[in-house]
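Undergrad: In UniProt numbering, the protein residues as written are 1 to 121.
Every residue gets a Cβ at the ideal spot worked out from N, C-alpha and C, and that includes glycine.
Have a look at the structure that comes next, please.
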């Protein structure tokens, strides 16, 4: 288990959000009972995530900084970072502290919980 593995998953997730394929990506990555706790105060279950991301406008680009991994057990870990994402015409569109809790599902990582905490400008 390493920081690089989890960061690669986060980058793949953000890339899918930029390409408009986030619903498919997170539908495969999330555990069956996984949730996303979003900045606007809602908790989305896996199917809610798939549905909402299938309709969401893509991000233009993103940045991940200040990343760190917190091992939780032999088969789980949390990744915490500062994320900054930009849509067309908005600079920056969204800045938040983000955390993703991953659990092993066989030999692969699965996203169990993702949370966003907005950072005031």
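Sort out for me which residues DSSP pairs residue 81 with in a bridge.
TA: 98
Undergrad: So, helix, strand or coil for residue 38, using DSSP?
TA: DSSP places residue 38 in coil when its eight states are reduced to three.
Undergrad: So is residue 23 buried or exposed if we call it buried at 16+ other beta carbons inside 10 Å?
TA: buried
Undergrad: Looking only at C-alpha atoms, which of 79, 116 and 110 sits nearest to residue 69?
TA: 79
Undergrad: Can the beta-carbon of residue 89 be found less than 8 Å from the beta-carbon of residue 62?
TA: Not in contact: residue 89 and residue 62 (Cβ atoms no closer than 8 Å).
Undergrad: Around the C-beta of residue 34, are 16 or more other C-beta atoms found within 10 angstroms, so that it is buried, or is it exposed?
TA: buried
Undergrad: Buried or exposed: where does residue 85 fall if 16 or more other Cβ atoms within 10 Å of its Cβ makes it buried?
TA: Classification of residue 85: buried, given that the 10 Å Cβ count is 16 or more.
Undergrad: Find the nearest neighbour of residue 100 within the set 93, 106 and 112, judged by alpha-carbon distance.
TA: Closest option to residue 100, judged by alpha-carbon separation, among 93, 106 and 112: 112.
Undergrad: In three-state DSSP terms, what is residue 76?
TA: strand
Undergrad: Using the C-alpha atoms, what's the distance from residue 17 back to residue 27?
TA: Each residue's Cα considered, the two are about 13 Å apart.
Undergrad: Mind checking which residues open and close the alpha helix (DSSP H) that includes residue 12?
TA: 3 to 19
Undergrad: For residue 121, name the three-state secondary structure that DSSP assigns.
TA: coil
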